[in-house]
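Asks: Structure below; questions to follow.
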Amino acid sequence: MSFKIDTDVLLSIEVPDTELNSLSENESTKDLMSNCGCGGRCLSSTT
Amino acid sequence: MYNDSKINYQAKTKTILLTITELCNLNCIYCYEDFKSNNKMTFETAISIINSELSKLPDGITLDVSYFGGEPFLNFELIKKVYDYYDNKNINNIKYTCSTNGTLVHGEIKKWIEQHFPKFSYNLSFDGIEEVQNHNRSNSFSLIDLDFYSKLYGNNGFVKMTLHPDTISKLYESIIYIHSKNLHPIANCAYGINWNNDEILNIYKNQLLLLIEFYLENPNIPTCSLLDENIKILAYNTNFKPWCGIDKMTVFNTLGSSFPCHFFEDVTLGKELSTKLFDFDTKNLISYMDPCCKECPLITLCPTCFGSNYKANGCFCKRDINVCKTYKLQLYATAILNLKKIEKYGISNIGLNTVQQRELYEGICKINRFIDPDNL
Chain A
1 MSFKIDTDVL LSIEVPDTEL NSLSENESTK DLMSNCGCGG RCLSSTT
Chain B
1001 MYNDSKINYQ AKTKTILLTI TELCNLNCIY CYEDFKSNNK MTFETAISII
1051 NSELSKLPDG ITLDVSYFGG EPFLNFELIK KVYDYYDNKN INNIKYTCST
1101 NGTLVHGEIK KWIEQHFPKF SYNLSFDGIE EVQNHNRSNS FSLIDLDFYS
1151 KLYGNNGFVK MTLHPDTISK LYESIIYIHS KNLHPIANCA YGINWNNDEI
1201 LNIYKNQLLL LIEFYLENPN IPTCSLLDEN IKILAYNTNF KPWCGIDKMT
1251 VFNTLGSSFP CHFFEDVTLG KELSTKLFDF DTKNLISYMD PCCKECPLIT
1301 LCPTCFGSNY KANGCFCKRD INVCKTYKLQ LYATAILNLK KIEKYGISNI
1351 GLNTVQQREL YEGICKINRF IDPDNL
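So the sequences go chain by chain: A and B.
In terms of the working numbering, the first sequence is numbered consecutively and its last residue is 47.
In terms of the working numbering, the second sequence is numbered consecutively and its last residue is 1376.
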């Protein structure tokens, strides 16, 4: 495996023809909430 | 000015972080606390802060008191005294967490934690296999009871892992090791460190590739944070959103002064820089977007640490770009992993609804357009 996105595979995917609305309207926003607001990437969570 | 803590209505908590000591028994190679002292928070200061916060707490909201340091268990007496004080008053809308290096969780401290868990819990900083943990974190591997921590959290806990160029070649082994302990690694590259080295970046790339293969072969193991970036957000052309916790909590130093985050305390910035923060507007973080990054298509997802920016560059806006390249590699690796999963299982069989499938696809496409891993 190489560190490269396989564009042939990418182009072959049959993606649902779903309309995307604003980000705040859908479930992916659940990922935005975390203990410190940034998915644990905040430095303040390291001692 | 910074005494403005936000309530997390989804989690029904309000978080305050108390730096209860500036002392630490380790000297981690990436430590950003350059101005440690013997300062410790007194019991009177702690309860003054907590009482003030409790008096403003709406019904149904729990106060999350998060202890920080230095190494907070060096002020264990304070932790116990505060716990007992509010317990004796039957004040139950408080919970406690502690960010610790784990080296003191033995004997009396361990027993006390067992007795008071989960109302009191702790988050462990841990970097991986013995060679890495010892190099990064002052030969502390043998001092940490990882099995105790894992068991306490019912094999569902996490460790906070910090990556350093010196030990990046052992990243894969370290993450596998952490998984073998039934713990989940939440990792990031250390800030304020020079990652802008082709050899280091190539090593990091190879380590991420090994991890991609691992997670494909082990789909039941939750993906570590490095390969679990929320690339679906890239499907939208939204504005820059600050991802740090700076406007989501209030931090108090040992003397009880408040700051927007731990990185702005004098233990990190020094007294001179930390006292120049009077004009930092936590309500208008978008205004601190780095103009050099404004046109980057990845800006909506890119984290930045305003405190780290300020410490490194004397300016909240100007990003610490040393982590820019490593973050692009993480996004790219996340895209590869997700594409491989789609290829293997089909886009409708990876646990996403149709909106999320479309978002993921668009996110991968955007990464493919804008990141060249060979030319960062």
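All residues carry an ideal CB built from backbone N, CA and C; glycine is no exception.
Are Y1096 of chain B and Y1083 of chain B touching if we call contact CB-CB under 8 Å?
Replies: yes
Asks: Since I1144 of chain B sits in a beta bridge, which residues does DSSP pair it with?
Replies: Bridge partners of I1144 of chain B: none, in fact.
Asks: Taking G1363 of chain B as part of the alpha helix (DSSP H), name the residues at either end of that continuous run.
Replies: 1354-1370
Asks: At which residues does the alpha helix (DSSP H) containing N1134 of chain B begin and terminate?
Replies: 1130-1136
Asks: Does the Cβ of N26 of chain A have 16 or more other Cβ atoms within 10 Å, making it buried, or fewer, making it exposed?
Replies: Because the pLDDT of N26 of chain A is 42, which lies under 50, any placement of that residue in the model is unreliable, and the question is left without a value.
Asks: Please decide whether L1152 of chain B counts as near chain A, where near means a Cβ-Cβ distance under 8 Å.
Replies: no
Asks: Exposed or buried, which one is M1 of chain A when buried takes at least 16 other CB atoms within 10 Å?
Replies: exposed
Asks: Identify which residue in B:Q1133, B:D1087, B:K1081 has its Cα closest to the Cα of Y1177 of chain B.
Replies: Of B:Q1133, B:D1087, B:K1081, the residue nearest in Cα terms is B:Q1133.
Asks: May I have the straight-line CA-CA distance separating H1164 of chain B from I1193 of chain B, to the nearest angstrom?
Replies: 8 Å
Asks: Give me the residue from B:T1268, B:L1216, B:T1300 with the minimum Cα distance to G1308 of chain B.
Replies: The sequence given here has Ser at residue 1308 of chain B, not Gly. Answer by Cα proximity: B:T1268.
Asks: So is C1031 of chain B buried or exposed if we call it buried at 16+ other beta carbons inside 10 Å?
Replies: buried
Asks: With a threshold of 6 Å on Cβ separation, who are the neighbours of S1125 of chain B within its own chain once the five nearest residues in sequence on each side are excluded?
Replies: N1101, K1160, listed in sequence order.
Asks: Looking at the structure shown, is Y1386 of chain B part of a helix, part of a strand, or coil, going by DSSP?
Replies: The shown model of chain B, from 1001 to 1376, leaves out residue 1386 of chain B, and the question about it has no answer.
Asks: Less than 8 Å between the beta carbons of T1103 of chain B and T1062 of chain B, yes or no?
Replies: no
Asks: How many Å lie between C1365 of chain B and I1020 of chain B at the Cα?
Replies: 46 Å
Asks: Verify the CB distance criterion: does D6 of chain A have a CB-CB separation below 8 Å to chain B?
Replies: yes
Asks: Mark E1022 of chain B as exposed unless 16 or more other C-beta atoms lie within 10 angstroms of its C-beta, in which case mark it buried.
Replies: buried
Asks: Let me see if you follow: with CB-CB separation under 8 Å, is Q1330 of chain B close to chain A or not?
Replies: no
Asks: Is any beta-carbon of chain A found at less than 8 Å from that of C1317 of chain B?
Replies: no
Asks: If I follow the unbroken alpha helix (DSSP H) through A1187 of chain B, where does it start and stop?
Replies: Where A1187 of chain B is concerned, there is no enclosing alpha helix (DSSP H), although the beta strand (DSSP E) it sits in stretches over 1183-1189.
Asks: Have a look at the DSSP bridge pairing and note the partners of V1065 of chain B.
Replies: B:I1016, B:Y1096
Asks: Taking C-beta to C-beta, are A1190 of chain B and T1223 of chain B nearer than 8 Å?
Replies: no
Asks: So N1194 of chain B is in the alpha helix (DSSP H); what residue range does that whole segment cover?
Replies: First-last for N1194 of chain B: undefined, no H or E at that position.
Asks: What does a CB cutoff of less than 6 Å around Y1086 of chain B pick up in its chain, not counting 5 residues either side in sequence?
Replies: I1094
Asks: Please report the distance separating the alpha-carbon of N1220 of chain B from that of R1358 of chain B.
Replies: Each residue's Cα considered, the two are about 23 Å apart.
Asks: What residue range does the alpha helix (DSSP H) around T1268 of chain B cover?
Replies: 1266-1274
Asks: Indicate whether F1259 of chain B and K1311 of chain B have their beta-carbon atoms separated by less than 8 Å.
Replies: Taking 8 Å as the Cβ cut-off, F1259 of chain B and K1311 of chain B do not qualify as a contacting pair.
Asks: Assign T1275 of chain B to one of two classes, buried (16 or more other C-beta atoms within 10 Å of its C-beta) or exposed (fewer than that).
Replies: exposed
Asks: If you draw a straight line from the alpha carbon of G1320 of chain B to that of K1328 of chain B, how long is it in whole angstroms?
Replies: The displayed chain sequence assigns Asp, not Gly, to residue 1320 of chain B. Distance between the alpha carbons of D1320 of chain B and K1328 of chain B is about 14 Å.
Asks: I'd like the span of the alpha helix (DSSP H) that includes G1307 of chain B, first residue to last.
Replies: 1306-1313
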